[in-house]
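A.B. asks:
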Amino acid sequence: MVGPNLFINYGEAVAVILFGIGFSNLLLQKNLIKKIIGLNIMDTAIYLFLAEKGYIAGRVAPIVVDGVQEVEAYINPVPSGLVLTGIVVSVSVTAIMLSLTIRLYRRYHTLDLDEISMRLKKEGL
Amino acid sequence: MNESVTILFPIFFPILMGVLLLVGKEPKKKALLSRYTGGVLLLTALMVLGLVWGKEVSFTMFFLTGRLPVYFRVDSIGKVFAFVVTVVWVLAGFFSFEYMKAENAPRRFFGFYLIVYGILIGLDFSGNMITFYMFYEMMTLLSMPLVLHERTKAAIMAGLKYMFYSFCGAYMVLFGLYFVYRYANTLTFTAKGVLDATLTAGNEKLLLVVAFFMLLGFSVKAGMFPFHGWLPVAHPEAPAPASAVLSGVIVKGGVLGIIRVIFYLFGADFLRGTWVQTTMLILSLVTVFMGSMLAYLEKGMKKRLAYSTVSQVSYILFGLFLLDPVSLTGSLLHVVFHAFIKCGLFLCAGAIIFRTGKRRVDELTGIGKEMPVTIWCFTLCSLALIGIPPASGFISKWYLCEGALHTKTAVFSWLGPVILLISALLTAGYLLPVTIKGFFPGEDYDYAALVKKEPVKLMLVPMVILAALAFVLGIVPEGLIRQLSAIAGQLM
Amino acid sequence: MMLLAAILIPIVGGALVMVLPFKKRAHMAVYLEIVVVITSLLVGLIISEGTTGRFPIVKFVNNLSLSLELDGCGMVFAGLVSALWPLAMLYSFEYMKKEKHEKVFFMFYTMTYGITLGIAFAEDMLTMYFFYELLTLVTVPLVLHTLSREAILASRKYLYYSLGGAAFAFIGLVFLMIYGTTVDFTYGGVLTPETLGDKTNTLLLIYVIAFMGFGVKAAICPFNSWLPQAGVAPTPVTALLHAVAVVKAGAFAIIRLTYYSFGTDFLIGTWAQYVVMGVVMFTIVYGCSRALKETHIKRRLAYSTISNLSYILFGVTIMTPLGLAGALTHLVFHAVMKICSFFCAGAIMYQTEKHYVHELDGLGRKMPAVFGVFTVSSLALMGVPGLCGFISKWNLANAAVMSGNVMACFGIGALLISALLTAIYMLSIVIRAFFPPEDFDMESVKEYRDPNWMMLFPLFLFVAAMIIFGLHSAPIVQFFTDISNGVL
Amino acid sequence: MNFVQNFPFFSIILSMFSGIVSSVLPARAAKWLNTILISVVGAMSAVLLVYLMGTGESYVYWMGHFPAPWGNEIRAGVLEAGMALFFCVIMLLSMTGGRKKLLGEVEYSKHNLYYILVNLLLSSLLALVYTNDLFTAYVFVEINTISACGLIMIRQNGRTIEAAVRYMIMSLLGSGLFLISLCMLYDLTGHLLMSNIKESVAVLVSHHQYSVPLMTTIGLMCAGLAIKSALFPFHSWLPDAYGYSTVSSAAMLSSLVSKGYIFLLIKIFYRVIGFEIIAESKVINVLFVFGLLGMIFGSLSAIRENDIRRMISFSSVAQIGYIYMGFGLGTESGMTASIFHILSHAATKSLLFIAAIGLTDVSKGSRQIVDLTGAGYRNKIAGFAFTVGSLSMVGVPMFSGFVSKLLFAEASIGHTYKMLPAVIVLAISTILNAIYFMKTVIRIYVPERRKDCEVITIKNEKEYAVTLVCFIVLNVMLGMLSQPIVQWIHTGLSMFG
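Going down the list, the protein sequences come from chains A, B, C and D.
Position 86 of the first sequence, counting from 1, maps to 94 under this note's numbering, and the rest follow consecutively.
Position 312 of the second sequence, counting from 1, maps to 346 under this note's numbering, and the rest follow consecutively.
Position 127 of the third sequence, counting from 1, maps to 407 under this note's numbering, and the rest follow consecutively.
Position 363 of the fourth sequence, counting from 1, maps to 1835 under this note's numbering, and the rest follow consecutively.
1) Using a Cβ-Cβ cut-off of 8 Å, state whether C1560(D) counts as contacting chain A.
2) Which partner residues does E1545(D) have in the DSSP bridge list?
3) Going along chain B, which residues have a C-beta under 8 Å from P717(C)?
4) Which word fits D1924(D), buried or exposed, when buried means at least 16 other C-beta atoms lie within 10 angstroms of its C-beta?
5) Mind listing which residues of the region 1573-1591 of chain D have their C-beta closer than 9 Å to chain A's C-betas, in chain order?
6) Using a C-beta cutoff of 8 Å, does V1676(D) count as contacting chain A?
7) Taking C-alpha atoms, which residue in A571(C), L344(C), E430(C), I291(C) lies nearest to V1918(D)?
8) For A1894(D), verify whether its CB is less than 7 Å away from any heavy atom of the ligand SAM.
9) Nearest to G352(C) by CA position, among I432(C), P717(C), G330(C), is which residue?
10) Chain B partners of H614(C), CB-CB under 9 Å?
11) Please name the residues in the region 93-119 of chain A whose beta-carbon is closer than 8 Å to at least one beta-carbon of chain D, in chain order.
12) I'd like to know if the region 1639-1646 of chain D and the region 1665-1678 of chain D are in contact, where contact means that at least 3 CB-CB pairs between them fall below 8 Å.
13) Can you find a C-beta in chain F that's less than 8 Å from the C-beta of S505(C)?
14) Which whole runs of the beta strand (DSSP E) in the region 181-219 of chain B are 3 residues long or more, in chain order?
15) Would you say R436(C) reaches chain D, if we count a Cβ-Cβ gap shorter than 8 Å as a contact?
16) Under three-state DSSP, which class holds D1924(D)?
17) Closer than 8 Å, CB to CB, is M1640(D) near chain A or not?
18) Can you check whether the CB of L695(C) is closer than 8 Å to the CB of K673(C)?
19) Where does I337(C) sit, in a helix, a strand or coil, going by DSSP?
20) Whose Cβ in chain B lies nearer than 8 Å to the Cβ of S708(C)?
21) Against chain B, with Cβ distances strictly below 8 Å, would M264(C) count as a contact?
22) Give me, in chain order, the residues of the same chain whose beta-carbon lies closer than 7 Å to that of Y539(C); leave out the 5 immediate sequence neighbours on both sides.
23) Any chance you could list the alpha helix (DSSP H) runs of at least 4 consecutive residues sitting entirely within the region 442-484 of chain C, in chain order?
24) What are the residues of the region 146-166 of chain B that lie near chain C, defined by any Cβ-Cβ distance shorter than 9 Å?
25) Give, in chain order, every unbroken run of the alpha helix (DSSP H) that is at least 4 residues long and sits entirely within the region 437-475 of chain B.
26) With 8 Å set as the bound, which would you pick, yes or no: does the beta-carbon of L98(B) sit closer than that to a beta-carbon of chain C?
27) Excluding sequence positions up to five away, which residues of its chain have a Cβ less than 6 Å from the Cβ of M9(A)?
28) Identify, in the order they occur along the chain, each residue of the same chain with its Cβ nearer than 7 Å to the Cβ of F1482(D), setting aside the five sequence neighbours on each side.
29) Can you tell which of R436(C), L521(C), V338(C) has its C-alpha closest to the C-alpha of A368(C)?
30) Using the Cα positions of Y389(C) and K383(C), report the straight-line distance between them to the nearest angstrom.
31) Output the distance between the C-alpha atoms of W1542(D) and L1509(D), rounded to the nearest integer angstrom.
32) If we count the other Cβ atoms within 10 Å of its Cβ and call it buried at 16 or more, is D641(C) buried or exposed?
33) Mind checking whether L422(C) and A513(C) have CB atoms under 8 Å apart?
34) Buried or exposed: I110(A), going by 16 or more other Cβ atoms within 10 Å of its Cβ?
35) Say whether chain B places a C-beta atom closer than 8 Å to the C-beta of G234(C).
36) Of all the options P44(B), L67(B), F323(B), which has the alpha carbon lying nearest to the alpha carbon of L80(B)?
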């Protein structure tokens, strides 16, 4: 089942690989900024996936320009909608993460999460 | 067999009196104490003798639970033992009035002395195994104060050891008792056994084990190897009268127990020729030899006598385990004789200690000059114990050997008598030196320093009586023998 | 209804102690004594009326309910408790004089009474489990009472052990709910072949687990170490709870589990029976030998309790009606003997502040009453004929022999060995007390006296009970036999 | 179209709106608004519950009257309504209970922000409960995460921020997984509405198509939500987050947020995949194993802990283990038990958190268990409440914990392989709970020896006391009158199917 299908749906394949990369970054990186980058990679990968799903070769965006054609003419608009929403969400999340990072950096002058927690232990808070 | 309450009096009267004596307050004069005790002893003795000469009576007191009555009965064996107990107890009691003056807390001694007397009577007259067991345990518990009377560290340890061994035995008996209860339709003593043939069918092996346990349990009290350990420790520690009754009578409690188990619960036929009999015979013979050997090697006077008790009681056991009428007669005879003899010996030893404070045999050189009467009694008793005709010991041993010889118990029929003879020689070896050294101190003994240390009448009389009994019964034994062989006949 | 009342009176009455303003200590004493006595009378009344019907209190999750009912076993346990509690109260008033914040103590002490009755009256497994847990919780403050370091440790241990045990017993409960026809206690068990199916072995395993679970309170080896530690509690607690109420509750629960829930027909002859019997036999010997080594009086008694509890369980594990009868007999008789000896120990401590065996030399001369009673109770514990201990031992051994179960016969051996050890560790105390070494100077103990009547009265009552049960036990044993045959 | 049916929509919108409003309100007004809001929403859910009980069937609410498959839907059944009600109650109590602490720990100017977050949290929870659309669910999951993160970090110190970051990261991982699995599901079925997805999944399964991708999807989804609700191996963020945030946040996080995700998971099981399919899949076995592990290891680390707040947090790791264990059984009764445990744990855990605060306050604010010696006497009501909570946790009869334990055990029995492990672990974890909770209880009732420290006995203000009492009552009710609740859960589940 691998072989040709995989090659045909290379977009999805790439998306999933990217997701993996992002996920592992978010999970494993010590540096907060890198974590956040990983997060974004992960989300973008998902949007790529959605877009791949949404696009059907040889059709146009569902925007009526020259009279209404039949449904077959257009691609499925829902994934696009999803992507948009997703982007909004991810942006807001990223914003929060960044703000948190800034706070931490101001406090501890480092972006290394482990080191921060070590410091906390020292503070004995 | 007729019910009668009279049986309870000799049992509970002394117990009650003893308790009163213990809880009551110290009397003004010492004399009062001894009078009181003496009175009680005599009264009880009278009652017991009344029962002994009277015909067989029984009395059921109440039921412990289910089918367990507390039940008394005066039967032939009981009569014999009760008689022996009474004689010994009274005489030793009178001896002790004088003796205890030296000891502290005489009141406690006499209190327990009376109580144990009652209990022993109860033991002899108890009519079923539960009652017997009950009094057996009480005997242990209440005779313990007699052992540790002097309250030295040694005495207390001796008391504990005594208790430990006795309870070991008692519980072995109890263990067996449960099973007997299961396989017998009653626990009431009946000649030739109570086992219910239908129930026992197929369970003989189990029952043999059970019987073995029960015999072993009682033989602890009788000081049989390997459970003799407590006896040479406990008896010497007690004051002389106490050790006299301990050695003379209380060990016989074990003997009585064994008689009850063999002839009244299981029946001789059930055990005859089984591995149980063999084992027991071996053990008893070992004990006979070992006991006299140890006695021979022992230097302490009372301890030596204690060892001799070990061996002598095993004579009795040997006779019992032969499961033969003649040897049984022999055993019963020996029960009676040994009681008197050993009691007499201990009293003599006590008298010596009381007067001279000498406890070791080798100190006794020339003692015969100092207290001739005592030593004469001692000599007579020794002769009786050794079994030199016409003294009593001879008769019993004769019966034992005769019984042994015409039983079918393979090797024992000749091995037994041999060992008995050897041990008789040893007995001579460990008893006679006292007399000889006592009367013939030898050249270098200076008669100038000699002072008469004869004890007072109150002590002499019991000794003389006992010695006389030990000797006379040997000369005119017919009546006694007739009685006992009749009993033996009933049982087999 | 009356059952509920009997349970609630002491609980409420106990709780009220905290709020009621007492002018003098005596008032509180009188008040509490009244509460307890009323309860006992009520219980007596109930018992005299015989078995009652089912009385549901609250509905629990899916058609389980808390409900009360009085049957034979319940009668025994309830009767026992209600007989002992007033006396213990009387005793503790005197004893607690020297202790601190006794209001709290008496509150919980009284409440425990109610809870224990609850266990006795419980009609089904769930109800019993409910009261069982409560019992643990209510008794913890009593163990904690002195608030000393070891008291804290002891109470912790007590909690962990009891709750843990309950957790395992709980499994049994749930299995009964699923596989039993009902969780109500029914003589002969609630398991039926069709419900079982192929689950037999699983259920046996579960039985063992539940047995161990309840066994924790009954202090079977290896779950017994909490009991001696809990001895730091004031003596009335040790005596009444850790010799009677709590530990007996464990044994009682096991009786319920074995005879009224799983059913002996299902268990007898299975590997489960041999496992539990083996454990119990081991505990019998183990407890005694530990008692022998122990020199602290109360702990020594506690160990002896451990082994004696296992006598009861031994009777249970024989799994014949006779066995149950024996178990019940020992349940009652041991309660009397042990509470008596504990009270003696308490009296000694109270009067002389002596806690160790080797300190007792010659006290017997000065406190004849206490030590006399102690002697009697020790003889009873040894099982000397004529005292109650002998009867229960006899019934147990008899049941063992009758059952024809080989292992049970070895069990008798265990009983007797432990009896021997009991003789040693109890009588060694007695001998010390009455026959001190000759060089011992009586001056050192001259100021000690017997305690006052509040302490002595219960003791003498117990002695009387021991002797009466010992000499004339036929009726009560008959009663037990009826119960164990499922008549009551 | 009954008017009552609008209530779910109203309550969501209302709480979002009031969130926005309270950003411009002064703290005091915001507080009142929040209180009123929660109570109103609670009332509405109650009415809805009653209504649904009456009709006896769930209904679907079209947002903007677009019919499926285009429109976005809200679905309300008995279970949803009840959950909403329960969440409201808990939230209200947690707020009132933690308010005093809030004053102490968060500077006054930030309070209205706090209330914003709370309102948002409420709305997102409601949405999670009610929505019938997976993507909406995702969006609100994120909102939930964000507001929860805010709740953690509102108390400004290094710990909380660090905790917030960790929490954020973990839950982002979770939501990432959730999102991808959601997309794959969309890819497989072409739908986002739960009911439609369910139909097509059923078709797929019946034709044995795409079985591997389907299972992967389910697995990913479970993993995502498991991470977010701190199932055992993913619980690393939990103790800090619960342990150092201000108390009402901690209470809400432990009893509401994680429960919201779990409820979503339940919905996915029933409404998206179909319970039969789940029950057959291997996924639940994994859940079962991790549930068991959680029960043990959560408790173990709680025993090692000597900071009371962190100890309680670790115990909730164990409790979540219970819930997943119930899922793992893959039976109706197991599910019932889990849902009941959601309730009982929520009630108990927030009670414990708030009581713990009361205890630490009277111990010079130290959270070390050793310093709590005798706190039970200094603050009676808190001590009592803590005791009740602990007993319920240990599973003593007549408290809620016992009933859920009972249900779990009952559910586990009869299962061929999972029966014994389940019951044994249940018993063991009970012992472990007993160990650490009872240790604390005894500790707080031991009067302290050291006379040198002045004994602080604070007068509890009414609000706090009342809260605790309410919690206790709630607990006991769950414990004693569990019958109707279990009944309700059954009907709710049947409506799901």
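Ideal Cβ positions, reconstructed from N, Cα and C, are used throughout, including at glycine.
C.D. replies: This is what the structure holds:
1) Against the fourth sequence, residue 1560(D) aligns to sequence position 88. No, C1560(D) lies away from the interface with chain A (no Cβ there is under 8 Å from its Cβ).
2) As a position in the fourth sequence, residue 1545(D) is number 73, starting the count at 1. Answer is W1534(D).
3) As a position in the third sequence, residue 717(C) is number 437, starting the count at 1. Within chain B, the residues near P717(C) are R185, T186, K187, I190.
4) Against the fourth sequence, residue 1924(D) aligns to sequence position 452. For D1924(D), the predicted model reports a pLDDT of 49, less than 50, meaning its position is unreliable and no value from the coordinates is stated.
5) none
6) Counting from 1 along the fourth sequence, the entry for residue 1676(D) is found at position 204. Looking at the sequence shown, residue 1676(D) is not Val but Leu. For L1676(D), the answer is no, since every Cβ of chain A falls outside 8 Å of its Cβ.
7) Position 446 of the fourth sequence, counted from the first residue, corresponds to residue 1918(D). Comparing Cα positions, the closest option is E430(C).
8) Ligands in the displayed structure: none, and consequently the ligand SAM is not present.
9) For the purposes of this step, residue 352(C) is taken as residue 72 along the third sequence, with counting starting at 1. Answer by Cα proximity: G330(C).
10) Position 334 of the third sequence, counted from the first residue, corresponds to residue 614(C). Under the 9 Å cutoff, chain B gives no residues; its nearest Cβ is about 16 Å from H614(C).
11) T93, G94, V97, S100, V101, I104, M105, L108, T109, R111, L112, R115, Y116
12) no
13) No chain F appears in this structure, whose protein chains are A, B, C and D.
14) none
15) Position 156 of the third sequence, counting from 1, holds the residue named residue 436(C). Chain D, which has a Cβ nearer than 8 Å to the Cβ of R436(C), makes this yes.
16) On the fourth sequence, residue 1924(D) is found 452 positions in, with the first residue counted as 1. With a pLDDT of 49 at D1924(D), under the threshold of 50, the predicted position of this residue should be treated as unreliable, though the coordinate-derived value follows. It is coil, neither helix nor strand.
17) What you label residue 1640(D) is simply residue 168 of the fourth sequence in a count that begins at 1. It does: the Cβ of M1640(D) has a partner Cβ on chain A nearer than 8 Å.
18) On the third sequence, position 393 is the one that residue 673(C) refers to. On the third sequence, position 415 is the one that residue 695(C) refers to. Yes, the Cβ-Cβ distance between K673(C) and L695(C) is below 8 Å.
19) The residue you call residue 337(C) lines up with position 57 of the third sequence. Here I337(C) sits in strand by DSSP.
20) Along the third sequence, one-based indexing puts residue 708(C) at 428. Neighbours of S708(C) on chain B, chain order: L194.
21) Here chain C has residues from 281 to 768 only, and residue 264(C) is not among them.
22) For this step, residue 539(C) is matched to residue 259 along the third sequence. Y467, L604.
23) 473-476
24) I164, T165
25) 446-473
26) Position 64 of the second sequence, counted from the first residue, corresponds to residue 98(B). Interface residue, yes.
27) On the first sequence, position 1 is the one that residue 9(A) refers to. Caution is warranted here: a pLDDT of 48 is assigned to M9(A), below 50, making its placement in the model unreliable, and no coordinate value can be reported.
28) Within the fourth sequence, the letter at position 10 stands for residue 1482(D). Taken in chain order, the residues that qualify are M1516.
29) Locating residue 368(C) in the third sequence gives position 88, counting from the first residue. Closest by alpha carbon: L521(C).
30) Counting from one through the third sequence, the residue named residue 389(C) turns up at place 109. Counting from one through the third sequence, the residue named residue 383(C) turns up at place 103. Each residue's Cα considered, the two are about 10 Å apart.
31) Taking the fourth sequence and counting its residues from 1, one reaches residue 1542(D) at position 70. Taking the fourth sequence and counting its residues from 1, one reaches residue 1509(D) at position 37. Answer to the nearest angstrom: the Cα atoms are 31 Å apart.
32) Along the third sequence, one-based indexing puts residue 641(C) at 361. Buried.
33) Counted from its first residue, the third sequence places residue 422(C) at position 142. Counted from its first residue, the third sequence places residue 513(C) at position 233. Going by C-beta atoms, L422(C) is nearer than 8 Å to A513(C).
34) In the first sequence, the residue the question calls residue 110(A) occupies position 102. I110(A) is exposed by the Cβ-count criterion.
35) Beyond the ends of chain C as shown, which are 281 and 768, falls residue 234(C); an answer cannot be given.
36) The residue given as residue 80(B) occupies position 46 in the second sequence. That would be P44(B), whose Cα lies nearest to the Cα of L80(B).
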